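Asker: Below is one structure. I have some questions about it.
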Amino acid sequence: MGRIFGTDGARGVAGRDLTIRLAADIGRAAALVVGRNVKRKPRILIGKDTRISSDMLESAVAAGLCSVGADAVLVGVVPTPAVAYLVRRYGMDAGIMLSASHNPYEYNGIKIFGPQGFKLRDEEEAAIEEIILDGVTEIPSLSGGDLGRVERLENAHADYVAHLASTVPGGLSGMRIAVDCANGSASATAAELFAQLGAEAVILCDRPDGLNINEDCGSTHLERLSQFVKEHSLAGGVAFDGDADRCLAVDENGDPVDGDQLLAIFGTAMREEGRLKGDCIVATVMSNLGFFTFARENGFATDTTRVGDRYVLESMVKNGYSLGGEQSGHIIFLEYMTTGDGQLSAIQLLSVMKKTGKPLSELKNQMKKFPQTMVNVLATPSMKAEWDNCEAVLAAIAGYEHTLGGRGRILVRPSGTEPLIRVMVEGEELSVIREAAQAIANAIKENVK
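Heads up, the sequence shown is in full-length UniProt numbering, so the first residue is 1 and it goes up one at a time.
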């Protein structure tokens, strides 16, 4: 991870960690970096989610851009993948999304996309950090006609929704489902998308007030969606996170469907249609052992990356694969989008259900999940850096690896977006893996400072 940017952009509590000054500095530095090969004023698109701080940060970033001669193009509240798509569609030099994804409302973040709709490379983010933190490039002091302008686009939402709808040419008529917008970015687009496709969709949690994003709703809280689907006898439900770049689902019984199960469903359907390049699905080290068992038993190749959709995408682009994703619900269909898109995943899932005529419970059960548990340890930056040098922690891991005896696995990793160290354990016996996860977490708390 970088000094400002983590695995998914710069992130922190807005006004405390992510200040107006830092946001403006990121805007200035980003304009200088992406504008190095542009022989005119750079044009940089800015989108945001529904957090109360997003308006403040939008103004700060736009001011930073304009101060160094770049034009800021505002599209308002949109999903993160909309920024990635619209940058390419409109020929922008970069795109900036203001969102902290699934985090509570007090957090916010800044993600930057290049002109092709891909997140900036590590070296480009490092160049921005060097300008801000090390002063390696002099910030120009402009005035008059050299300053940039702020422009607002009114048709951005419609263009994005039309693109998503075009990926399901047969439409979704006859599908009765619930859609949880997490009081986030999807609140601005989901109703129109599902209406265009002809689905009978009940839209939930689409009344953002700046403070209720992800609050007891969305992909991190499926309970309300599950109950609603069961009470209204729907075919299933889909839920997005705050910036709608991930999607999880519940089947007709209200049971959850995670990203690994979605990958199995999509991989099977895409291979049957000849769209799964290399017969390979890209996943991360956090994917359930059941996913890898499913892939092996059904003749799929897999490529396993570090946690983070940017690393999944990196493998897909490098190797020419068409499908990849994370257990958390980031699913990338590279033929349609350059990043994970929750609404795209949702309509692709409903399309598979409609084409096969199979209930979602049957589709998801082609992959059998191993029991898995996770314990999060609140961690400082120094704890994140030093946990794997602690003998007590390493001894606890080694001891439980021996206990699992090759019939499970342990994964300890610092979060790239939150002040946490995550301890994940999988195995055949739930009581054993819970004991292991808690014991390792306690070892970290007690011995790592």
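Glycine included, C-beta positions come from ideal geometry on N, C-alpha and C.
Computed from a prediction, not measured in an experiment: that's the story for all the values here.
1) Determine the direct distance from the alpha carbon of C280 to that of V257, and round the result to whole angstroms.
2) Hey, quick one: how far does the beta strand (DSSP E) through K48 stretch, first residue to last?
3) Pull the bridge partners of L262 from the DSSP assignment, please.
4) So A269 and G325 are in contact, right, with Cβ under 8 angstroms, and what is the actual spacing, rounded?
5) Residues in its own chain within less than 8 angstroms of S382 by CB, not counting five upstream and five downstream?
6) Buried or exposed, going by whether 16 or more other CB atoms sit within 10 Å of the CB of P81?
7) As a quick exercise: from F194, T137, G171, E123, pick the residue whose alpha carbon is nearest that of A158.
8) Distance check for S67 and P104, CA to CA, integer angstroms please.
9) Please list the terminal residues of the continuous alpha helix (DSSP H) segment that includes P81.
10) Between the Cα of I440 and those of G145, H330, E386, V375, spot the shortest distance and give me the residue it belongs to.
11) Considering Cα atoms alone, identify which of N447, K39, N37, I397 is closest to E435.
12) Could you give the first and the last residue of the continuous beta strand (DSSP E) run that contains G198?
13) What's the gap between the Cα of Y311 and the Cα of K119?
14) Under 7 angstroms, do residue 450 and D93 count as touching if we go by C-beta distance?
15) Using DSSP's beta-bridge definition, name the partner residues of I444.
16) Short of 8 angstroms in beta carbon distance, which residues of its chain neighbour T356, apart from the five on each side in sequence? Order them along the chain.
17) Quick one, which of Q348, L350, T338, V285 has its alpha-carbon nearest R413's?
18) What does the Cβ neighbour count give for H232, buried or exposed, with the cut at 16 atoms within 10 Å?
19) Would you kindly work out how many angstroms separate the C-alpha atoms of V307 and I139, rounded to a whole number?
20) Assuming residue 454 is part of the beta strand (DSSP E), what are its boundary residues?
21) Would you mind listing the alpha helix (DSSP H) stretches within the segment 223 to 250 that are 4+ residues and don't spill past its ends, in chain order?
22) What residues match up with T373 in a beta bridge as DSSP calls it?
23) Return the CA-CA distance between R176 and A100, expressed in angstroms with no decimal places.
24) Could you tell me if P42 is buried or exposed, where buried requires 16 or more neighbouring beta carbons within 10 angstroms of its beta carbon?
25) Quick check on R36: buried or exposed, where buried means 16 or more other Cβ atoms within 10 Å of its Cβ?
26) Output the residue ranges of the alpha helix (DSSP H) runs that lie fully inside the segment 271 to 336 and measure 4 residues or longer, sorted by chain position.
27) Please return the same chain residues whose Cβ sits closer than 6 angstroms to the Cβ of S345, not counting the five positions on each side in sequence.
28) What does DSSP give as the partner residue(s) for residue 458 in the beta ladder?
29) Count the other CB atoms within 10 Å of the CB of V136; is the residue buried (16 or more) or exposed (fewer)?
30) For I410 versus V425, is the C-beta distance shorter than 7 angstroms?
31) G184 and D49 look like a contact to me (Cβ under 8 angstroms); what is the Cβ gap, rounded to whole Å?
32) So, is N319 buried or exposed, given that buried needs 16 or more other C-beta atoms within 10 angstroms?
33) Of the residues D134, P419, A84, E130, which one's Cα is nearest the Cα of residue 462?
34) For R51, is the classification buried or exposed, using 16 other Cβ atoms within 10 angstroms of its Cβ as the cut-off for buried?
35) Round the Cβ separation of N288 and Q372 to the nearest angstrom and send it over; I've been treating them as touching at under 8 angstroms.
36) Apart from the five residues just before and just after V377, which ones in its own chain have a Cβ nearer than 7 angstroms to its Cβ?
Answerer: For this structure:
1) Going by the C-alpha atoms only, they are around 21 angstroms apart.
2) First-last of the beta strand (DSSP E) with K48: 43 to 48.
3) Answer is none; L262 lacks a bridge partner.
4) Not confirmed; about 14 angstroms, so no contact.
5) Result list for S382: K449, in chain order.
6) Buried is the call here.
7) The candidate whose alpha carbon is nearest that of A158 is F194.
8) Each residue's Cα considered, the two are about 31 angstroms apart.
9) Where P81 is concerned, the enclosing alpha helix (DSSP H) stretches over 80 to 90.
10) The residue with the shortest Cα to Cα distance from I440 is V375.
11) When C-alpha distances from E435 are compared across N447, K39, N37, I397, the shortest belongs to I397.
12) Annotation for G198: no beta strand (DSSP E) segment contains it, and DSSP assigns it neither H nor E.
13) Approximately 11 angstroms between the Cα atoms of the pair.
14) Residue 450 is absent from the structure shown; the chain starts at 1 and stops at 449.
15) DSSP, once it has assigned bridges, lists no residue as partnering I444.
16) Result list for T356: A269, L363, in chain order.
17) The residue with the shortest Cα to Cα distance from R413 is V285.
18) It is exposed - the Cβ of H232 has fewer than 16 other Cβ atoms within 10 Å.
19) Approximately 35 angstroms between the Cα atoms of the pair.
20) With the chain covering only 1 through 449, there is no way to say anything about residue 454.
21) List check, alpha helix (DSSP H) in window: 223 to 231.
22) The partner list for T373 (beta bridge, DSSP) reads V425.
23) Roughly 31 angstroms between the two C-alpha positions.
24) Buried, since its Cβ has 16 or more Cβ neighbours within 10 Å.
25) So R36 ends up on the exposed side.
26) With a minimum length of 4 residues, the continuous alpha helix (DSSP H) runs that stay inside the segment 271 to 336 are 289 to 297, 309 to 319.
27) These residues qualify, in order along the chain: C247, I331.
28) Nothing can be reported for residue 458: it is not among the residues displayed for the chain, which extend from 1 to 449.
29) Exposed: under 16 other Cβ atoms inside 10 Å.
30) With respect to the 7 angstroms criterion, I410 and V425 are classified as neighbours on the basis of their beta carbons.
31) Right, the Cβ-Cβ distance comes to about 5 angstroms (below 8 angstroms), so this counts as a contact.
32) So N319 counts as exposed.
33) Coverage of the chain is limited to positions 1 through 449, which leaves residue 462 absent and any answer about it impossible.
34) When all chains shown are included, R51 counts as buried.
35) 6 angstroms between Cβ atoms; contact.
36) Around V377: L420, I421, V423, A441, I444, K445.
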